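So the protein sequences, as listed, match chains E and Z. Counting the first sequence from 1 gives a position; our numbering is that position plus 105. Counting the second sequence from 1 gives a position; our numbering is that position plus 14.
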Amino acid sequence: MQENLVALQSILTKEVTRYFRIWIQTLLPPAITMSLYFVIFGNLIGEKIGQMDDKPYIAYITPGIIMMSVITNSYSNVVSSFFSAKFQRHIEELLVSPVPNIYILLGYIGGGVSRGLLTGAIVTGISLFFVDLEIHNWFVVFVVILLTSTLFALGGFINAVFAKKFDDISIVPTFILTPLTYLGGVFYTISLLPEFWQKVSMANPILYMVNAFRYGFLGRSDIALEVAFTIIGIFIVALFSFALYLLNTGKGLKS
Amino acid sequence: MSTIALDIKQLSKTYGNGFEALKAIDLSVQEGDFFALLGPNGAGKSTTIGIISSLVNKTAGSVKVFGHDMDTELTAAKRCLGLVPQEFNFSQFETPLQIVVNQAGYYGIPRAKALPRAQEVLTQLGLWDKRDQPSRNLSGGMKRRLMIARALMHKPKLLILDEPTAGVDIELRRSMWDFLTELNQQGTTIVLTTHYLEEAESLCRNIAIIDQGKIIENTSKKALLSKLDVETFVLDIEAFHESLPTFDAIEVRQIDEHTLEVDVKRSHNVNSLFLKLNEIGVKVLSMRNKSNRLEELFVRIVENKQ
Numbered sequence: 106m107q108e109n110l111v112a113l114q115s116i117l118t119k120e121v122t123r124y125f126r127i128w129i130q131t132l133l134p135p136a137i138t139m140s141l142y143f144v145i146f147g148n149l150i151g152e153k154i155g156q157m158d159d160k161p162y163i164a165y166i167t168p169g170i171i172m173m174s175v176i177t178n179s180y181s182n183v184v185s186s187f188f189s190a191k192f193q194r195h196i197e198e199l200l201v202s203p204v205p206n207i208y209i210l211l212g213y214i215g216g217g218v219s220r221g222l223l224t225g226a227i228v229t230g231i232s233l234f235f236v237d238l239e240i241h242n243w244f245v246v247f248v249v250i251l252l253t254s255t256l257f258a259l260g261g262f263i264n265a266v267f268a269k270k271f272d273d274i275s276i277v278p279t280f281i282l283t284p285l286t287y288l289g290g291v292f293y294t295i296s297l298l299p300e301f302w303q304k305v306s307m308a309n310p311i312l313y314m315v316n317a318f319r320y321g322f323l324g325r326s327d328i329a330l331e332v333a334f335t336i337i338g339i340f341i342v343a344l345f346s347f348a349l350y351l352l353n354t355g356k357g358l359k360s
Numbered sequence: 015m016s017t018i019a020l021d022i023k024q025l026s027k028t029y030g031n032g033f034e035a036l037k038a039i040d041l042s043v044q045e046g047d048f049f050a051l052l053g054p055n056g057a058g059k060s061t062t063i064g065i066i067s068s069l070v071n072k073t074a075g076s077v078k079v080f081g082h083d084m085d086t087e088l089t090a091a092k093r094c095l096g097l098v099p100q101e102f103n104f105s106q107f108e109t110p111l112q113i114v115v116n117q118a119g120y121y122g123i124p125r126a127k128a129l130p131r132a133q134e135v136l137t138q139l140g141l142w143d144k145r146d147q148p149s150r151n152l153s154g155g156m157k158r159r160l161m162i163a164r165a166l167m168h169k170p171k172l173l174i175l176d177e178p179t180a181g182v183d184i185e186l187r188r189s190m191w192d193f194l195t196e197l198n199q200q201g202t203t204i205v206l207t208t209h210y211l212e213e214a215e216s217l218c219r220n221i222a223i224i225d226q227g228k229i230i231e232n233t234s235k236k237a238l239l240s241k242l243d244v245e246t247f248v249l250d251i252e253a254f255h256e257s258l259p260t261f262d263a264i265e266v267r268q269i270d271e272h273t274l275e276v277d278v279k280r281s282h283n284v285n286s287l288f289l290k291l292n293e294i295g296v297k298v299l300s301m302r303n304k305s306n307r308l309e310e311l312f313v314r315i316v317e318n319k320q
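Here you go:
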């Protein structure tokens, strides 16, 4: 057990060192991109929009923008790190070693979560220049961001296991993750949508995360909190089990 | 009674495309041995090593490392094993120190204990001065030594080296041989695959030859070399233009005016050759084996089986 914890710490150290070493690619871009969101959507366009769900537009979109950066960074950290490890074959260092697969998975997910949370903290810091941030429930804010980050880190891991070339690690973020995030109620309340599109939106898991997170900040959500937590929990258990199954069978890693 | 370091029984591997890489091979390596696994390209060497090191899923059979069955005691088996693969497989962006300290961590060795061990192995392999350079900047030979250093961090009882000196210059190869010999003398069991048969002949005590997924020889180096019934020597001579005499059980060919090639049956000595050459005024300046003895035997064995 003690030895496995040392192994886990080594994987985490390796992962954190990796994204700090390339901070210009990992930590700086979300800071710049999200600053632009605050300037353009929050200040310039937001002032024209006025209120959304009885809150100033910039205050309404801030939780969604933070969540967007957490989702993107948790996912991309694991997908690029694990795929690089496969591509450069240094994943073999771990496969040859006695580290149990569950610790390998926890190490990579931990790396993705730490980058997601760090990016979230950076974007939250930037938001303070644009909006007086109110926190309705600290516990909800922290738990939702932690669970969401875990879920998307798991998604990135599974993507990396199946990826055979570098193109494969950008297909899911570009064609699935980004549209789902934009349509997940980051910039609007779904009550603005016609009833049919409201029902369609309910099939988008990101909607639940954004709304639960927004509840933590503003005390407002399109979705009941317990439903959001249940959905996130189900996805985490399902993806974690699948990722561990892939590691145990050596899918994409062993011939 | 000596312990069996590596015990392979009826090991088979059929890849997804139907290619049968291993056909129920049996192999046993004693503790403390320096063992060579030889074979032509595609014979099944890397597949065997891949299965032992958990990088390839076997189709059937069993592998035990120091008595630990890889099916039931995988963690214990892995702890006994160190692998130096054929291809570079470390992060090109990390430094040698980061690579070996992380590797120690995967074996449960905390950083505080790993750092002095890292200094020890990196110094032994001449890499301590390069410990903080990105590994992509190291030369090919240094990268090979880095993989050996990494494999030794947890002091494995069984070290497997897959073509460890491929692409390494002669001087460095010799120094790596010395290092591996010393390691073996200190008690580490070593299994080596190599294309340099001179390497196997110099280092190993026991040899197995694998071809087309089957073990076709598995014996001591001494027993294997005794099968060689003819040895070929090259003689460097002073200029000679006359025709050569014939000999019993010795075949002499003149390659050019300064070189002779001589095939000598093992049952005969070469004294009569030198007497006759002396009689006809041929002055021999030097003499050497035409090729590595094991190499000759290897080619013969593999060709005979095909």
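Built from N, CA and C at the ideal position, the CB exists for glycine as well. Bear in mind the structure is a predicted one, so any value in this text is a computation, not a measurement.
- For Z:Asn220, the enclosing beta strand (DSSP E) begins and ends at 220–225.
- In terms of Cβ geometry, Z:Glu215 and Z:Lys235 form a close pair [threshold 8 Å].
- For E:Arg126, the C-beta contacts it makes with chain Z under 8 Å involve Phe107, in order along the chain.
- As the crow flies, the alpha-carbon of Z:Thr137 is around 14 Å from that of Z:Lys157.
- Look at E:Pro310: its C-beta is not under 8 Å from any C-beta on chain Z.
- Beta-bridge pairing by DSSP links E:Gln156 to E:Pro161.
- DSSP places E:Ile116 in the uninterrupted alpha helix (DSSP H) bounded by 107–126.
- By the rule that beta-carbons nearer than 8 Å mark a contact, Z:Thr89 touches chain E.
- Annotation: Cβ neighbours of E:Gln114 in chain Z (cutoff 7 Å, chain order): Gly119.
- Using a Cβ-Cβ cut-off of 7 Å, E:Gly355 is close to Asn71 of chain Z, given in chain order.
- When Cβ pairs closer than 8 Å are counted between the two stretches, the region 266–286 of chain E is seen to touch the region 179–195 of chain E, the count reaching three or more.
- Of the residues Z:Val98, Z:Asn292, Z:Asn71, the one whose Cα lies closest to the Cα of Z:Pro170 is Z:Val98.
- C-alpha of E:Trp128 to C-alpha of E:Leu223: approximately 12 Å in a straight line.
- Here the C-alpha atom of E:Arg220 lies approximately 14 Å from the C-alpha atom of E:Phe187.
- The DSSP-derived three-state label of Z:Asn292 is helix.
- Contact holds between the region 218–237 of chain Z and the region 43–60 of chain Z, because three or more Cβ pairs, one in each stretch, are under 8 Å apart.
- Taken through DSSP and simplified to helix, strand or coil, E:Val332 comes out as helix.
- Against Z:Glu101, the close residues of chain E are Arg194, in the order they occur along the chain (beta-carbon pairs closer than 7 Å).
- Annotation: Cβ neighbours of Z:Ser68 in chain E (cutoff 7 Å, chain order): Leu200, Val201.
- Between the alpha carbons of Z:Met167 and Z:Lys127 lies a gap of roughly 11 Å.
- If you check each beta-carbon in the region 124–135 of chain Z against every beta-carbon of chain E, the ones closer than 7 Å belong to Pro124.
- Annotation for Z:Ser286: no residue places its beta carbon closer than 6 Å to its own, counting only its chain and skipping 5 residues before and after.
- The region 145–164 of chain E makes no contact with the region 131–150 of chain Z; the number of CB pairs closer than 8 Å stays below 3.
- Spanning the alpha carbons of E:Gly290 and E:Arg319 requires a straight line of approximately 10 Å.
- At the C-beta level, E:Phe262 and E:Ala343 stay beyond 8 Å of one another.
- The C-beta separation of E:Tyr162 from E:Ile154 comes to about 4 Å, placing the pair in contact by the 8 Å criterion.
- The beta carbon of Z:Leu139 does not come within 8 Å of any beta carbon belonging to chain E, so the residue lies off that interface.
- Counting the other CB atoms within 10 Å of its CB gives E:Ile166 a total of 16 or more, which places it among the buried residues.
- Per DSSP, the unbroken alpha helix (DSSP H) holding Z:Asn116 starts and ends at 110–120.
- The residue from E:Thr118, E:Gly225, E:Asn109, E:Ser185 with its alpha-carbon nearest to that of E:Pro135 is E:Gly225.
- The beta-carbon of E:Glu197 is placed less than 8 Å from the nearest beta-carbon of chain Z.
- Residues of chain Z with a Cβ closer than 8 Å to the Cβ of E:Glu152 do not exist; the shortest Cβ-Cβ separation is about 45 Å.
- Using a Cβ-Cβ distance cut-off of 8 Å, the region 203–222 of chain E and the region 106–121 of chain E are in contact, since at least three pairs of beta carbons, one from each stretch, lie closer than that value.
- Rounded to the nearest whole angstrom, the CA to CA distance from E:Tyr313 to E:Leu297 is 16 Å.
- Using a C-beta cut-off of 8 Å, the region 328–345 of chain E makes no contact with the region 16–33 of chain Z, since fewer than three inter-stretch Cβ pairs fall below that distance.
- Residue pairing by DSSP places Z:Met301 opposite Z:Leu249 in a beta bridge.
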